[in-house]
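Trainee:
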């Protein structure tokens, strides 16, 4: 990403491809849409699920020290009072007195005199900043009154903190151990934008890792590296990633140390995931407000303590966007320009596509058999429209790593042609071995 024009061009290409191929659609588009709200189409739904599955496997399935929960979106409003969200979960809101647009003061560009100006009309004539709470308020029950107020959760973390004792007792874990969950969160952002990077409804992938206080610094470093390496493992180039430590003045009120894993988006560096040392702030706050002690009893030392918490918190939709940007490429095949998404096979919407060379009925039974064999184990596409070359290009553009072509020779030798997306190399392989060959390639990430 070398200059602003190229960056903007890449951004526009990704947005256009996302709609044209069915990754992401503007929500309720036939009614004019609603700002910064998106629906995930067939390919986007598959890819987003794969991103979440990859996170889940790394954070829960492959570990002995992390257990999952799925907490409710609506909770007792006292949760948000205890966590500090009612008092401190705000952004500084300003109005432009010329065009009347509203902005986050801390995100406004500065002119030559270091004064913030309106991105819409470039005026510096702004109101004084005032705090704007980001939580969506609603009401529970048939009567809208102060006693029925509730909030859509702005993060998934608090559900894990208030369930600390429940999980501790039922899972028989002891620190260090983690609680993980994925789910929707809602924030009434003042200035959402940059496609799916900042939206008012989004999916989070969070884990709260409870540790003895004296081990917190070591575990914070561990999870910074673990999570940074995860993005590398699934195909993001090291040049597009960085780990940035927060300065003291940036730290949240609950954090003693935070580092952001950032991606070089077309508009600059942006956060993919934060890894924070939340100390014992949350468990202590909920203990004080609820009257229930959220502690761990160490049988070896016969002492009780409130664990510190290390929190890796990632956005699933942001991660998907970063993977798309990092994977986008253009090259030439047989003298023709080709658009290709070089997605990691485990992230790609489809792991394989089955393409019969012809629509003639002679191939129908064998093609159906090949698709049935593969679709038991992998997400597969099927395409029998237009020339085989055009079908290859379509699969390249949506990131499908492998194409399986069934032809008339397959009827005689029980073999099919396996084509690689990145190299465009084609080899004949036995149908009996096809599943194992594809499985090995996907596991190896190629």
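Residue numbers (the working numbering): 40 to 485.
Think of the CB as a built atom: it goes at the ideal place given N, C-alpha and C, for glycine as much as any other residue.
All figures in this text were calculated on a predicted structure; none of them were measured in a lab.
Nearest by alpha-carbon distance to residue 545: which of 412, 204, 95, 226 is it?
Mentor: Since the first residue of the chain shown is 40 and the last is 485, residue 545 is not available in this structure.
Trainee: According to the neighbour-count rule (16 or more other Cβ atoms, all chains shown, within 10 Å of its Cβ), is residue 162 buried or exposed?
Mentor: Taking the first residue of the chain shown as 1, we reach residue 162 at position 123. By the 10 Å Cβ count, residue 162 comes out exposed.
Trainee: Whose C-beta lies closer than 8 Å to the C-beta of residue 178 among residues of the same chain, with five residues either side of it excluded?
Mentor: As a first step, residue 178 must be located in the chain shown, where it is residue number 139. So the list reads 184, 187, 188, 189, once near-sequence residues are dropped.
Trainee: On the CB-based measure, 16 or more other CB atoms within 10 Å of its CB, does residue 320 come out buried or exposed?
Mentor: To locate residue 320, count along the chain shown from 1; it is residue 281. Per the 10 Å Cβ criterion, buried.
Trainee: Counting only the same chain and skipping the five closest in sequence on each side, list residues whose C-beta sits under 7 Å from that of residue 224.
Mentor: Looking up residue 224 in the chain shown gives position 185. Correct list, in chain order: 192, 193, 194, 195, 241, 243.
Trainee: Bridge partners of residue 172, per DSSP?
Mentor: Taking the chain shown and counting its residues from 1, the one referred to as residue 172 is at position 133. For residue 172, which the question treats as bridged, DSSP gives the partners 129.
Trainee: Is residue 244 helix, strand or coil by DSSP?
Mentor: Within the chain shown, the letter at position 205 stands for residue 244. Correct three-state label for residue 244: strand.
Trainee: State the Cα-Cα distance for the pair residue 471 and residue 71, rounded to the nearest angstrom.
Mentor: Taking the first residue of the chain shown as 1, we reach residue 471 at position 432. Taking the first residue of the chain shown as 1, we reach residue 71 at position 32. Whole-angstrom Cα-Cα distance: 51 Å.
Trainee: Using 10 angstroms around the beta-carbon of residue 263, count the other beta-carbons present and answer buried if the total reaches 16, otherwise exposed.
Mentor: Sequence index remark: in the chain shown, residue 263 carries index 224 (1-based). Buried, since its Cβ has 16 or more Cβ neighbours within 10 Å.
Trainee: So is residue 346 buried or exposed if we call it buried at 16+ other beta carbons inside 10 Å?
Mentor: Translated into positions along the chain shown, residue 346 becomes position 307. So residue 346 ends up on the buried side.
Trainee: Do residue 216 and residue 248 have their C-beta atoms within less than 9 Å of each other?
Mentor: Position 177 of the chain shown holds residue 216. Position 209 of the chain shown holds residue 248. Yes. Within cutoff.
Trainee: Am I right that residue 300 and residue 266 are in contact with their C-beta atoms under 8 Å? What's the rounded C-beta distance?
Mentor: The count along the chain shown starts at 1 and reaches residue 300 at position 261. The count along the chain shown starts at 1 and reaches residue 266 at position 227. At roughly 6 Å, the Cβ-Cβ gap stays under 8 Å, so residue 300 and residue 266 are in contact.
Trainee: Candidates 157, 483, 372, 474: which alpha carbon is nearest residue 435's?
Mentor: Here the question's residue 435 lines up with position 396 in the chain shown. Taking only the C-alpha atoms, the option nearest residue 435 is 372.
Trainee: Considering only residues of the segment 426-457, which uninterrupted beta strand (DSSP E) runs meet the minimum length of 3 residues and lie entirely inside it, listed in chain order?
Mentor: Listed in chain order, the complete beta strand (DSSP E) runs (minimum 3 residues) inside the segment 426-457 are 441-445.
Trainee: Cβ of residue 130 within 9 Å of Cβ of residue 228?
Mentor: Stepping through the chain shown from its first residue, residue 130 is reached at position 91. Stepping through the chain shown from its first residue, residue 228 is reached at position 189. Cβ atoms of residue 130 and residue 228: closer than 9 Å.
Trainee: Could you compute how far the alpha carbon of residue 40 sits from the alpha carbon of residue 46?
Mentor: One-based indexing of the chain shown puts residue 40 at position 1. One-based indexing of the chain shown puts residue 46 at position 7. Because the pLDDT at residue 40 is just 43, under 50, the model does not fix this residue reliably, and the value given afterwards should be weighed accordingly. If I take the Cα positions, the gap works out to 6 Å.
Trainee: Between 451, 453, 448, 423, which has its C-alpha nearest residue 28's C-alpha?
Mentor: Any question about residue 28 goes unanswered here, given that the chain covers just 40 to 485.
Trainee: Measure the alpha-carbon distance for residue 377 versus residue 157 and round it to whole angstroms.
Mentor: Within the chain shown, numbered from 1, the residue matching residue 377 stands at position 338. Within the chain shown, numbered from 1, the residue matching residue 157 stands at position 118. Computed Cα separation, rounded: 40 Å.
Trainee: I'd like to know whether the C-beta atoms of residue 133 and residue 168 end up nearer to each other than 9 Å.
Mentor: In the chain shown, the residue the question calls residue 133 occupies position 94. In the chain shown, the residue the question calls residue 168 occupies position 129. Closer than 9 Å, so yes.
Trainee: Give me the Cα-Cα distance between residue 220 and residue 429, rounded to the nearest whole angstrom.
Mentor: Sequence index remark: in the chain shown, residue 220 carries index 181 (1-based). Sequence index remark: in the chain shown, residue 429 carries index 390 (1-based). Approximately 41 Å, taken between the alpha carbons.
Trainee: Going by DSSP in three states, residue 153 sits in which element: helix, strand or coil?
Mentor: Mapped onto the chain shown, residue 153 falls at position 114. Coil at residue 153, not helix or strand.
Trainee: Could you tell me how far apart the beta carbons of residue 246 and residue 98 are, in whole angstroms, since I believe they sit closer than 8 Å?
Mentor: By 1-based counting over the chain shown, the position of residue 246 is 207. By 1-based counting over the chain shown, the position of residue 98 is 59. Contact flag correct, Cβ pair sits at about 6 Å.
Trainee: Here's a check: name, in chain order, each residue in its chain whose Cβ is nearer than 7 Å to the Cβ of residue 405, leaving out the five neighbours to either side.
Mentor: What you label residue 405 is simply residue 366 of the chain shown in a count that begins at 1. Result list for residue 405: 445, 449, 450, in chain order.
Trainee: Can you give the beta carbon distance from residue 420 to residue 392, rounded, assuming they're within the 8 Å contact cut?
Mentor: For the purposes of this step, residue 420 is identified with residue 381 of the chain shown, where counting begins at 1. For the purposes of this step, residue 392 is identified with residue 353 of the chain shown, where counting begins at 1. With a Cβ gap of about 4 Å, residue 420 and residue 392 count as contacting.
Trainee: Are the CB atoms of residue 454 and residue 469 nearer to each other than 9 Å?
Mentor: Within the chain shown, the letter at position 415 stands for residue 454. Within the chain shown, the letter at position 430 stands for residue 469. The answer is yes: Cβ separation under 9 Å.
Trainee: Taking DSSP as the reference, what is the three-state secondary structure of residue 160?
Mentor: In the chain shown, residue 160 corresponds to position 121, counting from 1. Coil at residue 160, not helix or strand.
Trainee: Using three-state DSSP, classify residue 360 as helix, strand or coil.
Mentor: For the purposes of this step, residue 360 is taken as residue 321 along the chain shown, with counting starting at 1. Helix at residue 360.
Trainee: Secondary structure at residue 64, three-state DSSP: helix, strand or coil?
Mentor: Locating residue 64 in the chain shown gives position 25, counting from the first residue. Note: residue 64 maps to strand in three-state DSSP.
Trainee: Does the distance from the C-beta atom of residue 222 to that of residue 110 stay below 9 Å?
Mentor: Taking the first residue of the chain shown as 1, we reach residue 222 at position 183. Taking the first residue of the chain shown as 1, we reach residue 110 at position 71. Yes, the pair counts as a contact, with Cβ atoms nearer than the cut-off.
Trainee: Once you ignore the five residues that flank residue 105 on each side, which residues in its own chain have a CB closer than 8 Å to its CB?
Mentor: Here residue 105 refers to the residue found at position 66 when the chain shown is read from its first residue. Taken in chain order, the residues that qualify are 98, 99, 216, 217, 218, 219, 246, 248.
Trainee: Per DSSP, what kind of secondary structure is residue 148 in: helix, strand or coil?
Mentor: Reading the chain shown from its first residue, position 109 is the one you call residue 148. It is coil, neither helix nor strand.
Trainee: For residue 205, which of helix, strand or coil comes out of DSSP?
Mentor: In the chain shown, the residue the question calls residue 205 occupies position 166. Residue state, collapsed to three classes: helix.
Trainee: How would you write the range of the alpha helix (DSSP H) that residue 376 sits in, first residue to last?
Mentor: Translated into the one-based positions of the chain shown, residue 376 becomes position 337. Unbroken run through residue 376 is the beta strand (DSSP E), 375-380; no alpha helix (DSSP H).
Trainee: Secondary structure at residue 346, three-state DSSP: helix, strand or coil?
Mentor: Numbered from its first residue, the chain shown carries residue 346 at position 307. DSSP places residue 346 in coil when its eight states are reduced to three.
Trainee: With the cut-off set at 9 Å, would you say residue 269 and residue 95 are in Cβ contact?
Mentor: As a working mapping, residue 269 is identified with position 230 in the chain shown. As a working mapping, residue 95 is identified with position 56 in the chain shown. The answer is no: Cβ separation not under 9 Å.
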